[in-house]
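Peer 1:
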Amino acid sequence: TACKKAEKPTPLHFVSSDGYDIYVGKNNKQNDYVTLKLSRPTDIWMHTKEIHGSHVLVKTEDAMQVPDRTYEEAGILAAYYSKGRNSATVPVDYTEVYNVKKPSGAKPGMVIYVNYSTMYVTPRAELAEKLEKKNKI
Numbered sequence: 001t002a003c004k005k006a007e008k009p010t011p012l013h014f015v016s017s018d019g020y021d022i023y024v025g026k027n028n029k030q031n032d033y034v035t036l037k038l039s040r041p042t043d044i045w046m047h048t049k050e051i052h053g054s055h056v057l058v059k060t061e062d063a064m065q066v067p068d069r070t071y072e073e074a075g076i077l078a079a080y081y082s083k084g085r086n087s088a089t090v091p092v093d094y095t096e097v098y099n100v101k102k103p104s105g106a107k108p109g110m111v112i113y114v115n116y117s118t119m120y121v122t123p124r125a126e127l128a129e130k131l132e133k134k135n136k137i
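Here the sequence shown is numbered in this note's numbering, starting from 1 and rising by one per residue.
1. With a cut-off of 8 Å on the beta carbons, I'd call residue 121 and residue 90 a contact; round off their distance for me.
2. Run the CB neighbour count on residue 18, radius 10 Å, all protein chains shown included, and call it buried at 16 or more, exposed below.
3. Pick helix, strand or coil for residue 94, following the three-state DSSP scheme.
4. Please list the terminal residues of the continuous beta strand (DSSP E) segment that includes residue 12.
5. May I ask which residues mark the beginning and end of the alpha helix (DSSP H) holding residue 80?
6. Cα separation between residue 125 and residue 104?
7. Measure the Cβ-Cβ separation of residue 68 and residue 57 and say whether it is below 8 Å.
8. Do residue 80 and residue 94 have their CB atoms nearer than 8 Å?
9. Looking only at its own chain, which residues have a Cβ that is under 8 Å from the Cβ of residue 2, when we skip the five neighbours before and after it?
10. Which two residues bound the contiguous alpha helix (DSSP H) that contains residue 127?
11. List the residues that DSSP assigns as beta-bridge partners of residue 101.
12. Assign residue 20 to one of three DSSP states: helix, strand, or coil.
13. Between 24, 39, 36 and 111, which lies nearest to residue 76 when the distance is taken from Cα to Cα?
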């Protein structure tokens, strides 16, 4: 029998109001894919602070050029696709991808990160629906 080729994970794809691509992993394997394979060092990585949830990636050449609105929208997506979905306010950490590392031997989806900032957002389903891109990567 032929070995079945491993399928490439298909994270959720959104486009911010400012036109930036945002990718959201829906499970630990997709989180690894988003953070370790799909990303470039200059992209922005987000994750809820101390709450299980999705890894979120904003594709960019320069994090300093990304408008605040895109940061906020990506943060809201990180909060919405987390265990904090039903909370009024959720802390979301964000940093450039070059600050995110996977320890050797770590489980899928497990990373450590440094030099990050934290924003506080309210999860919003309607934003997720508005920004979702229906096509694949």
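Beta carbons: idealized from backbone N, C-alpha and C, even for Gly.
Peer 2: Taking the definition as stated:
1. By one-based count along the sequence shown, residue 121 stands at place 121. By one-based count along the sequence shown, residue 90 stands at place 90. At roughly 6 Å, the Cβ-Cβ gap stays under 8 Å, so residue 121 and residue 90 are in contact.
2. Reading the sequence shown from its first residue, position 18 is the one you call residue 18. Exposed: under 16 other Cβ atoms inside 10 Å.
3. Along the sequence shown, one-based indexing puts residue 94 at 94. In the structure shown, residue 94 sits in a strand (DSSP, three-state: E or B).
4. The sequence position of residue 12 within the sequence shown is 12, counting from 1. Start and end: 12-15.
5. On the sequence shown, residue 80 is found 80 positions in, with the first residue counted as 1. 68-80 is the extent of the alpha helix (DSSP H) around residue 80.
6. Reading the sequence shown from its first residue, position 125 is the one you call residue 125. Reading the sequence shown from its first residue, position 104 is the one you call residue 104. Their Cα atoms are separated by approximately 35 Å.
7. Along the sequence shown, read from residue 1 onward, the residue named residue 68 stands at position 68. Along the sequence shown, read from residue 1 onward, the residue named residue 57 stands at position 57. Taking 8 Å as the Cβ cut-off, residue 68 and residue 57 do not qualify as a contacting pair.
8. Position 80 of the sequence shown, counted from the start, is the residue given in the question as residue 80. Position 94 of the sequence shown, counted from the start, is the residue given in the question as residue 94. No.
9. Reading the sequence shown from its first residue, position 2 is the one you call residue 2. With a pLDDT of only 48 at residue 2, under the threshold of 50, the placement of this residue in the model should not be trusted; the figure read from the coordinates follows. Nothing meets the Cβ criterion.
10. For this step, residue 127 is matched to residue 127 along the sequence shown. Where residue 127 is concerned, the enclosing alpha helix (DSSP H) stretches over 125-131.
11. Counted from its first residue, the sequence shown places residue 101 at position 101. According to DSSP, residue 101 bridges with 112.
12. The sequence position of residue 20 within the sequence shown is 20, counting from 1. Correct three-state label for residue 20: coil.
13. What you label residue 76 is simply residue 76 of the sequence shown in a count that begins at 1. Ranking 24, 39, 36 and 111 by Cα distance to residue 76 puts 24 first.
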